[in-house]
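>
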Amino acid sequence: MIYKLLTLLLPMIILYACEENYIPETSISQQEIVVEGYIEAGAEANPTFVILTKSIPFITTIKSDQFTDLFVKNASVTVFDGQKTIALTEICLNQIPPDLKENVYALLGFNPDSTAADICVYADLFNQLTRESGRKYDLKVIVDGKTITATTSIPPFVGLYDFKWAEPPGKPRDTLAELNVKINDPKGVKNYYRYLTASEGGRLIPPFGSVTDDAVFDGKEFEFPLQRAQKRGGGFDPETFGLYKRGDSITVKWCSIDKAHFDFWNTRDFSANSGGPFSAYTRISTNINGGLGIWGGYAVGIYRMKVPPK
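Per this note's numbering, the sequence shown runs over residues 1260 to 1569.
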């Protein structure tokens, strides 16, 4: 039996259910190391990389010339894949020759518009780690005499199929289409998912609610509309929200993730979506021991298609 999801409310329900109001007491002297690192397996998986930065107080002002100082350099960063330990190579983008920068941006999945600062990353440049579903990966960071650790996993990939284009609900719109997809969720196993979309060769971006679990469709064949992601700060138009422009070439990146990775994005999305002068601080979930942030595994599937004309 096919279960039709009329509106993509599930991610938002999950987000609102997990909000935790919190007023932090932080200062520059209480800075922590923030980890953002990912390891992927599957079609067109990005290289494994880790970015290290320093936390800043909840209410603070950062000038553009101070941004570079937040990146942590000269750290020891290693990953154990269950068989071997690999040291990640530090790369600072301003040290890369101009004719190679575009290739590095593409390799690491960076947006060139956001690389004015001297961003430093630690990456598995030679693809030495064994990346596959079912493995756990231990991250170890040593910086300024402090040791930070985290563990993530890459779960089995559960993909999408039966992509169908449909007329959007409401008044007729000749230039827009809704994308409906199906998933066959494994029964009795808790599954977590995240996705990103891109149009016309643009950068992959996540939607406002980028994660979901299978609480509603565990063990079922399930059909739902997969909304087009919209860049934050780009304005909100209810007439076009979540819809795809006919004639565009689009890319969907669909990922299976573990619970700790899901919890991070679940709280992170909620925090990003609840901004405003009267918004409350939301404590973002982390799997980092001795720091903040996320070390997350992705089982990745890439889907490319053309939005058909009407």
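Using N, Cα and C, we set each Cβ at its ideal position, and we do this for glycine too.
#1: Note the first and the last residue of the continuous alpha helix (DSSP H) segment covering Asn-1532.
#2: Apply the 10 Å Cβ neighbour rule to Ser-1515 and answer buried if 16 or more other Cβ atoms are within range, or exposed otherwise.
#3: Identify every residue that forms a DSSP beta bridge with Glu-1349.
#4: For Lys-1360, does the three-state DSSP call read helix, strand or coil?
#5: Does Phe-1385 pass the burial test, meaning 16 or more other C-beta atoms within 10 Å, or should it be called exposed?
#6: Do the CB positions of Cys-1379 and Ile-1350 come within less than 8 Å of each other?
#7: At the level of alpha carbons, what is the spacing between Phe-1481 and Val-1559?
#8: Applying the criterion that 16 or more other CB atoms from any shown protein chain within 10 Å of the CB defines a buried residue, is Pro-1466 buried or exposed?
#9: Take the Cβ of Tyr-1420 as the centre, count every other Cβ of all protein chains shown within 10 Å, and call the residue buried at 16 or more, exposed below.
#10: Taking the alpha carbon of Arg-1505 as the point to measure from, which residue in Thr-1411, Ser-1458, Lys-1490, Pro-1428 has its own alpha carbon closest?
#11: My assumption, with CB atoms under 8 Å, is that Ile-1547 sits in contact with Ile-1413. Please give the rounded CB distance.
#12: Grab the span of the beta strand (DSSP E) containing Asp-1473 for me, first residue to last.
#13: Look at the alpha carbon of Pro-1568 and the alpha carbon of Glu-1498, and state the distance between them as a whole number of angstroms.
#14: Can you give me the C-alpha to C-alpha distance between Thr-1389 and Leu-1359, rounded to a whole angstrom?
#15: At what residues does the beta strand (DSSP E) containing Leu-1329 begin and finish?
#16: Rounding to the nearest angstrom, what Cα-Cα distance links Ile-1543 and Asn-1353 in this structure?
#17: Give me the residue from Phe-1495, Lys-1332, Arg-1491 with the minimum Cα distance to Asp-1403.
#18: Quick check: what's the CA-CA separation for Thr-1337 versus Ala-1488?
#19: Measuring alpha carbon to alpha carbon, tell me which residue in Leu-1455, Gly-1549, Val-1566 is nearest Ser-1508.
#20: I need the boundaries of the beta strand (DSSP E) containing Glu-1480, first residue and last residue.
#21: Compute the distance between the beta-carbons of Trp-1524 and Arg-1453, then report whether it is under 8 Å.
#22: Ends of the beta strand (DSSP E) at Leu-1388?
#23: If we call anything under 8 Å between Cβ atoms a contact, is Tyr-1451 one with Asp-1472?
#24: Taking only the alpha-carbon atoms, compute the straight-line gap between Gln-1387 and Val-1309 and give it to the nearest angstrom.
#25: Could you tell me if Ser-1469 is buried or exposed, where buried requires 16 or more neighbouring beta carbons within 10 angstroms of its beta carbon?
#26: Rank Tyr-1297, Val-1293, Glu-1303 by C-alpha distance to the C-alpha of Pro-1315 and give the top, closest one.
#27: Using 10 angstroms around the beta-carbon of Ile-1401, count the other beta-carbons present and answer buried if the total reaches 16, otherwise exposed.
#28: Would the beta-carbon of Gly-1552 fall within 8 Å of that of Thr-1541?
#29: Below 8 Å between beta carbons: does that hold for Thr-1348 and Ala-1382?
In terms of the structure at hand:
#1: 1518-1532
#2: buried
#3: Tyr-1381
#4: helix
#5: exposed
#6: yes
#7: 19 Å
#8: buried
#9: exposed
#10: Ser-1458
#11: 18 Å between Cβ atoms; not a contact.
#12: Careful: Asp-1473 lies outside any beta strand (DSSP E) and carries neither H nor E.
#13: 18 Å
#14: 26 Å
#15: It is not in any beta strand (DSSP E) - Leu-1329 carries neither H nor E in the DSSP assignment.
#16: 31 Å
#17: Lys-1332
#18: 33 Å
#19: Val-1566
#20: 1480-1484
#21: yes
#22: Taken as a continuous stretch (DSSP letters only), Leu-1388 belongs to no beta strand (DSSP E), as it is neither H nor E.
#23: yes
#24: 15 Å
#25: buried
#26: A small fix is needed here, since residue 1315 is Ile in this sequence, not Pro. Comparing Cα positions, the closest option is Val-1293.
#27: exposed
#28: no
#29: yes
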